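Quick note, the sequences are listed as chains D and W, same order. The working numbering numbers the first residue of the first sequence as 459 and each following residue consecutively. The working numbering numbers the first residue of the second sequence as 3 and each following residue consecutively.
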Amino acid sequence: MDPIFLMNNVWIIICFTLVLLMQGGFILLEAGSTRMKNAGHIAGKTIFTVGAASLVFWAVGYGFIYGESIGIVGFSDFFYGDFTSVVDGLAGSVDFIFQLAFAAIALTIAFGGFAERGKLSAYVVFAILFSAFVYPVVAHWIWGDGWLGGLGKQDFAGSTVVHLTGAMAALAATIILKPRIGKYNKDGSANDLAGHNQVYTALGVLILWVGWFGFNGGSTLEVDGAFFGYVALTTQLAAAAGAVAAMFIVWAVSGKADIPTTLNGALAGLVAITASTAFVAPWAAVIIGLVAGFIVYFSMKLFDRSKIDDPIFALSVHGIAGIWGTLSTGFFATPELAAMNGGLPGLLYGGGLTQLGVQTLGVVASGLYAFIASYIILKIMDKVMGGIRVTEEEEIIGLDLSEHGSYGYPESMPEEKKQGA
Amino acid sequence: MENYQQLKEWREEKIKSVSSDHYELNRFHDVLMKKIVQIALKEVESEWGKPPTHFAFFVMGSAGRSEQSVWSDQDHGIVYDGENVTFKDYFLKVGEEITKGFAVTGYEKCDGNVMASNPYWCKSTLQWEKQILEWLDEADWEALRYFSTFFDSRVLVGDANILLNLKQVAFSKLAEIPSLYQRLYENVGYIKKGLGIFGQLLPEEKGTDAGTINIKQTIFFPYVNSLRLLALLEKIPEASTLERFQRLSEEYKTIKKYQADFLKLLNYRLYFQKETVSYQKVHLLQVKSMSSREKASLKELIKNGRKLFKETKEIIDQRCSR
Chain D
459 MDPIFLMNNV
469 WIIICFTLVL
479 LMQGGFILLE
489 AGSTRMKNAG
499 HIAGKTIFTV
509 GAASLVFWAV
519 GYGFIYGESI
529 GIVGFSDFFY
539 GDFTSVVDGL
549 AGSVDFIFQL
559 AFAAIALTIA
569 FGGFAERGKL
579 SAYVVFAILF
589 SAFVYPVVAH
599 WIWGDGWLGG
609 LGKQDFAGST
619 VVHLTGAMAA
629 LAATIILKPR
639 IGKYNKDGSA
649 NDLAGHNQVY
659 TALGVLILWV
669 GWFGFNGGST
679 LEVDGAFFGY
689 VALTTQLAAA
699 AGAVAAMFIV
709 WAVSGKADIP
719 TTLNGALAGL
729 VAITASTAFV
739 APWAAVIIGL
749 VAGFIVYFSM
759 KLFDRSKIDD
769 PIFALSVHGI
779 AGIWGTLSTG
789 FFATPELAAM
799 NGGLPGLLYG
809 GGLTQLGVQT
819 LGVVASGLYA
829 FIASYIILKI
839 MDKVMGGIRV
849 TEEEEIIGLD
859 LSEHGSYGYP
869 ESMPEEKKQG
879 A
Chain W
3 MENYQQLKEW
13 REEKIKSVSS
23 DHYELNRFHD
33 VLMKKIVQIA
43 LKEVESEWGK
53 PPTHFAFFVM
63 GSAGRSEQSV
73 WSDQDHGIVY
83 DGENVTFKDY
93 FLKVGEEITK
103 GFAVTGYEKC
113 DGNVMASNPY
123 WCKSTLQWEK
133 QILEWLDEAD
143 WEALRYFSTF
153 FDSRVLVGDA
163 NILLNLKQVA
173 FSKLAEIPSL
183 YQRLYENVGY
193 IKKGLGIFGQ
203 LLPEEKGTDA
213 GTINIKQTIF
223 FPYVNSLRLL
233 ALLEKIPEAS
243 TLERFQRLSE
253 EYKTIKKYQA
263 DFLKLLNYRL
273 YFQKETVSYQ
283 KVHLLQVKSM
293 SSREKASLKE
303 LIKNGRKLFK
313 ETKEIIDQRC
323 SR
């Protein structure tokens, strides 16, 4: 067997496990960013939704993305799987499992918008519908044989496909679900419903950061030329710059070197470099990370003020940073790297506005589709299921108990009041 | 004879008319607090008889420094002569009655239980002396906090000399161990940030207090703490920050120039807090409702408070290294 073929496959399977392990990062990130009474639910539902996303991806997701294009989606290869086919120089099964992990990440991001108030049944139904009808469409447009890919849209590992799509679904959800009880006061001021464990959140961010080398590095789909090393380099620089920029800006503006903001800065740097990692010079990766770290802070404030309650900051970290990352290649893509990885050089390299235009079109079209489709799905669910939000009492006692029957931290919860005499 | 309820009504009726002048307001608080103590003493007397010995009832905190705002909480203690155990019972009863009277009249109870109803703050002269020496020997964070609280004290009713003698005990001990002055400034070294690197005001961002600056923690404390430290250094027994400024010798020219800032701060606070209806909100300044000139002068006060604290530390460092 050709050793390069073999190594490519081994590399991508390793990257699959890294991307799957990012779910562990999300579990800690989300649980740490929310309150104790919802911790078991937030953590446990992630395992469930990875399961749901995997089954749907196998049944229809992969086929809608990579099947024979019928325009808006692909339409073949449903219930995927054999051990003989070869796709993009990889064993078909290896390519499939790697792509599956991305679909599951997009879904987990979307569920950030449900946090601390979505019904468990809403998670179940939306996991299926999002994995079948939202994510595959955008993925087909850009990574399958779709129209945006045809225009030369640059999205190396999925700033748009994975992060923006997930975030737009989260936006639709958070708008329909409305803010958590206690988030806003009568006079309109916002309260800080602080997460219960910053250590979890920080550890979650680090696990995501490590996993990102599978996410971006694996998106080379090969080891030939060891280009994944360069991808790792730009990825690391952007994450680093994002963390530094965010801590600086929150300290400068508010006087406090806020930890959650700093952590979001690192993630924003990672999300932003996801599209551009294979297209930009190291100095540009630093700029992309710095800008991501700055905008994530202002974006968090803006959503807060606009009464859009985003408990895990999915909209800012994955949405706004995803948009910035996608647009960034329109400025910074170098001629050599664009020639190697697709599309045209950016504005700063004399590429003119063409690539920036394509990137903008990609963001707008994908963002709008993901938002509108998710919004319609959730609205219908809301009607049919008699609401997708838990009742007031359930929200107050916590979703651990109301949705699953036991607390994640039983010893830390108030004792049940004795009834009767 | 008046009762607490009548005093409460009197307070509500009168306080508006004195609330725009720092001196008038604090004179009013003094009159009111004295009346409360008199009623309390009478009350206890009617059941337990006359006070068995010399004593002094003193106030601490903002009342001790004569820096009360429209609303303030209770911080007070009692010192009495003699060691008889029945004395303690008697004065604790007095403390309890005073605490009750203060609460009815609109002085909220102290969260930290710094009140004459607590045996810790109601002691004989000898016990107090022992306590002060113990605080200064211990010199850990909590002990020095208590000591600083105690030192901002002033006799409201009773024999002023009893308290003065206690302060002399502290002065002598500090003179023996000058490094304690440094421990004392480290004890109050945290100043809540009021200004960002761009010189912008930093109001609270979240919650029901969003948009406000805590004037007490951000602005008042550095002034009050600096002058307490200098008073200890210069053996000035007065508690009021303004008096402490005045009592400093000409040697402290650079420090004295901050006196005007502090006076401005006192009036400023009253100006912005006229409408405040509770103790919880009395330290909060609404930044949004301030004009740009007012903001500029607030920033100046914040900056100068920090400078004053820094200069105070430098003076103490120099003194202690001699």
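Beta carbons are placed, not taken as given, at the ideal position from N, Cα and C, and that holds for glycine. Please read all numbers here as calculations on a predicted model, not as lab measurements.
Are the beta-carbon atoms belonging to T693 (chain D) and G616 (chain D) less than 8 Å from one another?
Here residue 693 (chain D) corresponds to residue number 235 of the first sequence, with the count starting at 1. Here residue 616 (chain D) corresponds to residue number 158 of the first sequence, with the count starting at 1. Contact flag unset, no.
For E110 (chain W), which three-state DSSP category applies?
Taking the second sequence and counting its residues from 1, the one referred to as residue 110 (chain W) is at position 108. E110 (chain W): strand per DSSP, three-state reduction.
What does R847 (chain D) pair with, by DSSP beta-bridge criteria?
The sequence position of residue 847 (chain D) within the first sequence is 389, counting from 1. In DSSP, R847 (chain D) forms a bridge with D:G576.
Rounded to whole angstroms, what is the Cα-Cα separation between T787 (chain D) and I633 (chain D)?
Your numbering for residue 787 (chain D) matches position 329 in the first sequence. Your numbering for residue 633 (chain D) matches position 175 in the first sequence. Cα to Cα, the separation comes out at about 30 Å.
What would DSSP say about K125 (chain W), mapped onto helix, strand or coil?
Along the second sequence, one-based indexing puts residue 125 (chain W) at 123. Strand.
Between D:L629, D:F463 and D:F588, which has its C-alpha nearest L880 (chain D)'s C-alpha?
With chain D covering only 459 through 879, there is no way to say anything about residue 880 (chain D).
Distance cutoff 8 Å, beta carbons only. Does T151 (chain W) sit that close to anything in chain D?
By 1-based counting over the second sequence, the position of residue 151 (chain W) is 149. T151 (chain W) does not count as touching chain D.
Run the CB neighbour count on Q76 (chain W), radius 10 Å, all protein chains shown included, and call it buried at 16 or more, exposed below.
Locating residue 76 (chain W) in the second sequence gives position 74, where the first residue counts as 1. Buried.
Note down, in chain order, each residue of its chain lying with its Cβ closer than 6 Å to the Cβ of K875 (chain D), except the 5 sequence neighbours on either side.
Along the first sequence, one-based indexing puts residue 875 (chain D) at 417. In this prediction, K875 (chain D) has a pLDDT of 45, which is less than 50 and means its spatial position is unreliable; what the coordinates show is noted afterwards. Closer than 6 Å at the Cβ level, and outside the excluded window around K875 (chain D), lies no residue.
Measuring only between beta-carbons, confirm whether G209 (chain W) sits less than 8 Å from chain D.
Here residue 209 (chain W) is taken as the residue at index 207 of the second sequence, counted from 1. Judged by the 8 Å Cβ criterion, G209 (chain W) is in contact with chain D.
What residues in the stretch 643–660 of chain D have a beta carbon less than 7 Å from any beta carbon of chain W?
Answer in chain order: N643, S647, A648, N649 and D650.
In three-state terms, what does DSSP make of D762 (chain D)?
Here residue 762 (chain D) corresponds to residue number 304 of the first sequence, with the count starting at 1. Of the three classes helix, strand and coil, the one that applies to D762 (chain D) here is helix, per DSSP.
Could you work out which residue in D:I523, D:G687 and D:F771 is closest to M454 (chain D) when comparing CA atoms only?
There is no way to answer for residue 454 (chain D), as the model of chain D reaches only from 459 to 879.
Can you give me the Cβ contacts of D840 (chain D) inside the same chain, cut-off strictly under 7 Å, excluding the 5 residues immediately before and after it?
Position 382 of the first sequence, counted from the start, is the residue given in the question as residue 840 (chain D). These residues qualify, in order along the chain: I634 and I846.
Spatial neighbours of G213 (chain W) within its chain, please: C-beta separation below 8 Å, excluding the five flanking residues on both sides.
As a position in the second sequence, residue 213 (chain W) is number 211, starting the count at 1. So the list reads P205, E206, Q288, V289 and K290, once near-sequence residues are dropped.
Verify whether the separation of the beta carbon atoms of F588 (chain D) and S832 (chain D) is less than 8 Å.
As a first step, residue 588 (chain D) must be located in the first sequence, where it is residue number 130. As a first step, residue 832 (chain D) must be located in the first sequence, where it is residue number 374. A contact, by the Cβ cut-off of 8 Å.
Could you tell me the distance, in whole angstroms, from the CA atom of E4 (chain W) to the CA atom of G97 (chain W)?
As a first step, residue 4 (chain W) is located in the second sequence; it is residue number 2 there, counting from the start. As a first step, residue 97 (chain W) is located in the second sequence; it is residue number 95 there, counting from the start. Each residue's Cα considered, the two are about 19 Å apart.
Quick one: is V749 (chain D) near chain W, going by C-beta distance under 8 Å?
The sequence position of residue 749 (chain D) within the first sequence is 291, counting from 1. V749 (chain D) does not count as touching chain W.
Within 10 angstroms of its Cβ, does Q133 (chain W) collect 16 or more other Cβ (buried), or is it exposed?
Counting from 1 along the second sequence, the entry for residue 133 (chain W) is found at position 131. With 16 or more other Cβ atoms within 10 Å, it is buried.
Looking at the secondary structure, which residues open and close the alpha helix (DSSP H) in which Q288 (chain W) lies?
As a working note, residue 288 (chain W) is residue 286 in the second sequence. Careful: Q288 (chain W) lies outside any alpha helix (DSSP H), inside the beta strand (DSSP E) at L286 to Q288.
Taking Cβ positions only, does A710 (chain D) come closer than 8 Å to chain W?
The residue labelled residue 710 (chain D) in the question sits at position 252 within the first sequence. Yes, A710 (chain D) lies at the interface with chain W (some Cβ there is under 8 Å from its Cβ).
Kindly indicate which residue of W:V20, W:V159, W:S150 and W:R13 has the alpha-carbon position closest to the one of P53 (chain W).
Taking the first residue of the second sequence as position 1, residue 53 (chain W) is located at position 51. Nearest option by C-alpha distance: W:V159.
In whole angstroms, what separates the C-alpha of L479 (chain D) from that of G669 (chain D)?
Walking along the first sequence from the start, residue 479 (chain D) turns up at place 21. Walking along the first sequence from the start, residue 669 (chain D) turns up at place 211. Computed Cα separation, rounded: 6 Å.
Among W:S19, W:S174, W:T101 and W:N306, which one has its Cα closest to the Cα of G201 (chain W)?
For this step, residue 201 (chain W) is matched to residue 199 along the second sequence. Per the Cα distances, W:N306.
Mind checking who T214 (chain W) pairs with in its DSSP beta bridge?
The residue given as residue 214 (chain W) occupies position 212 in the second sequence. DSSP, once it has assigned bridges, lists W:Q288 as partnering T214 (chain W).
Shortest alpha-carbon distance to S48 (chain W) belongs to which of W:Y92, W:P180 and W:I193?
In the second sequence, residue 48 (chain W) corresponds to position 46, counting from 1. Taking only the C-alpha atoms, the option nearest S48 (chain W) is W:Y92.
What's the call for E488 (chain D), buried or exposed, on a 16-neighbour Cβ count within 10 Å?
In the first sequence, the residue the question calls residue 488 (chain D) occupies position 30. So E488 (chain D) ends up on the buried side.
Verify the CB distance criterion: does G713 (chain D) have a CB-CB separation below 8 Å to chain W?
Taking the first sequence and counting its residues from 1, the one referred to as residue 713 (chain D) is at position 255. Closer than 8 Å to some Cβ of chain W, the Cβ of G713 (chain D) qualifies, so yes.
For K195 (chain W), which residues in chain D fall below 7 Å Cβ to Cβ?
The residue you call residue 195 (chain W) lines up with position 193 of the second sequence. Neighbours of K195 (chain W) on chain D, chain order: G713.
Cα separation between G604 (chain D) and A580 (chain D)?
Taking the first residue of the first sequence as 1, we reach residue 604 (chain D) at position 146. Taking the first residue of the first sequence as 1, we reach residue 580 (chain D) at position 122. If you take the alpha carbons of G604 (chain D) and A580 (chain D), they lie about 30 Å apart.
Check whether the stretch 717–725 of chain D and the stretch 592–611 of chain D touch, using three or more Cβ-Cβ pairs below 8 Å as the test.
No contact exists between the stretch 717–725 of chain D and the stretch 592–611 of chain D.
Are there 16 or more other CB atoms within 10 angstroms of the CB of V582 (chain D), so buried, or fewer, so exposed?
Locating residue 582 (chain D) in the first sequence gives position 124, where the first residue counts as 1. Flag for V582 (chain D) reads exposed.
Would DSSP call F57 (chain W) helix, strand or coil?
Counted from its first residue, the second sequence places residue 57 (chain W) at position 55. Strand, per DSSP.
Determine the burial state of W123 (chain W): buried for a count of at least 16 other Cβ atoms within 10 Å of its Cβ, exposed for fewer.
The residue given as residue 123 (chain W) occupies position 121 in the second sequence. Buried is the call here.
Look at the alpha carbon of A497 (chain D) and the alpha carbon of G509 (chain D), and state the distance between them as a whole number of angstroms.
Working through the first sequence from its first residue, we reach residue 497 (chain D) at position 39. Working through the first sequence from its first residue, we reach residue 509 (chain D) at position 51. Taking the straight line joining both Cα atoms gives about 19 Å.
Would you mind reading off the limits of the alpha helix (DSSP H) that contains I179 (chain W)?
Mapped onto the second sequence, residue 179 (chain W) falls at position 177. Counting along the chain, I179 (chain W) falls outside any alpha helix (DSSP H), and DSSP gives it neither H nor E.
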